[in-house]
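**Q**
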Amino acid sequence: MFAMMEASNHAEALMSFNVYMVRHGQTYLNLYHRMQGWSDAPLTEKGLADGTHAGELLSAVPFTAAYSSDLARTQATGKLILAENGSGITATTPCQEFREQFFGYWEGYDDGLLWHQVGSPRGGNSYNELIEKYGLQETTDLVAAADQYHHAETYADIWTRIQAGIQLLRDNSQDGDNVLVVTHGTYLRHVLDHYATDLPTQPGPRNGSVTKLVIDDATVTVKYSDRLTSID
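First residue of the sequence shown? That's 1 in UniProt numbering, and the numbers climb one at a time after it.
1) Within this structure, are the beta carbons of Ser39 and Leu29 separated by less than 8 Å?
2) First and last residue of the beta strand (DSSP E) that includes Arg73?
3) Report the residue from Thr44, Asp110, Asn85, Gly37 whose alpha carbon sits nearest the alpha carbon of Leu71.
4) If you run the structure through DSSP and keep just helix, strand and coil, what is Phe98?
5) Jot down the residue ranges of each uninterrupted alpha helix (DSSP H) in the stretch 37-77, minimum 4 residues, whole runs only, in chain order.
6) Please name the residue in Ser69, Ala218, Leu192 whose C-alpha comes closest to that of Asp226.
7) Could you have a look at Ser230 and say whether DSSP puts it in helix, strand or coil?
8) Is Val179 closer than 8 Å to Leu168 when the C-beta atoms are compared?
9) For Thr140, I'd like the list of residues in its chain whose CB is within less than 6 Å of its CB, leaving aside the five on either flank, ordered along the chain.
10) I need the straight-line Cα distance from Ile81 to Val210, nearest angstrom please.
11) Report the rounded CA-to-CA distance for Gln103 versus Ala41, giving the unit in angstroms.
12) If you follow the beta strand (DSSP E) that Leu213 is part of, which residue opens it and which one closes it?
13) Closer than 6 Å by C-beta to Gln96: which residues in its own chain qualify, once you throw out the five before and the five after it? Chain order, please.
14) Compute the beta-carbon to beta-carbon distance between Arg23 and Gly165, rounded to the nearest angstrom, for a pair I have assumed lies under 8 Å.
15) So, is Ala13 buried or exposed, given that buried needs 16 or more other C-beta atoms within 10 angstroms?
16) With DSSP collapsed to three states, give me the class of Arg23.
17) Whose C-alpha, out of Ile158, Phe63, Met35, is nearest the C-alpha of Arg99?
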């Protein structure tokens, strides 16, 4: 179990709630190994199965709220998850705070070519090699710096959005709540990189996998990540 303090002026937590973060099901851009941030693609047959499987894993969790990013792939996955759940919630509330990192010029680019192009001059030929060598924060900024249009997000950009998402959850949750958030792979890597520094950020959460957070007024604790079986 991993926790990181976010504030020092809380003598004790006033509430605590559970957040089940699920990476969306596989899309065609995932299948074709293309960079997929704000660009979108439909779920594949496997992606549909990913969503249903995640729903089966979470079927006994009494969700009090359900959110997703505002991209279609997370909303589609959310509907599949909620179809297996008895909470009575049928669709996620889309929020840009849970949106994936934007890769700018590199959106839709072959991911192997990108990591070779960005990484080979720096001694890494894959995303995971770059993270191992430089860390997730610097790797994010390397990709942004290589975007000739300067549209790709920096680490500061994506982290600002994640913080806004955590605050949104705090502002709209009560003690003991169980909240579903359907989000994205790189988004989840950043969450884990910050709040669970002892957990590896590569190879990254799999499509349809569950990452559980416990959030209170002062801390975010990662209970587990990348689960495809045995959730609690």
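C-beta atoms are modelled at their ideal positions from N, C-alpha and C, and glycine is treated no differently.
**A** By the coordinates alone:
1) A contact, by the Cβ cut-off of 8 Å.
2) Segment 72-83 is the alpha helix (DSSP H) holding Arg73; no beta strand (DSSP E) there.
3) Comparing Cα-Cα distances from Leu71 to each of Thr44, Asp110, Asn85, Gly37, the minimum goes to Gly37.
4) Looking at Phe98 - three-state DSSP - the assignment turns out to be helix.
5) Here the runs fully enclosed are 45-57.
6) Between Asp226 and the set Ser69, Ala218, Leu192, the nearest pair of CA atoms involves Leu192.
7) Look at Ser230 here: in three-state DSSP terms it is coil, with no helix or strand label.
8) No.
9) Excluding the 5 residues flanking it on each side, Thr140 has same chain C-beta neighbours closer than 6 Å at Tyr155, in chain order.
10) Taking the straight line from one Cα to the other gives about 11 Å.
11) The identity of residue 103 in the sequence shown is Phe, whereas the question assumes Gln. Distance between the alpha carbons of Phe103 and Ala41: 15 Å.
12) Its beta strand (DSSP E) spans residues 210-216.
13) Within the same chain, and ignoring the five residues on either side of Gln96 in sequence, the residues whose Cβ sits closer than 6 Å to its Cβ are Asp70.
14) The C-beta separation of Arg23 from Gly165 comes to about 15 Å, leaving the pair out of contact by the 8 Å criterion.
15) Its pLDDT being 48, under 50, Ala13 is placed unreliably by the model, and the measurement read from it follows with that caveat. Per the 10 Å Cβ criterion, exposed.
16) It is a strand residue.
17) Distance from the Cα of Arg99 is smallest, within the candidate group Ile158, Phe63, Met35, for Ile158.
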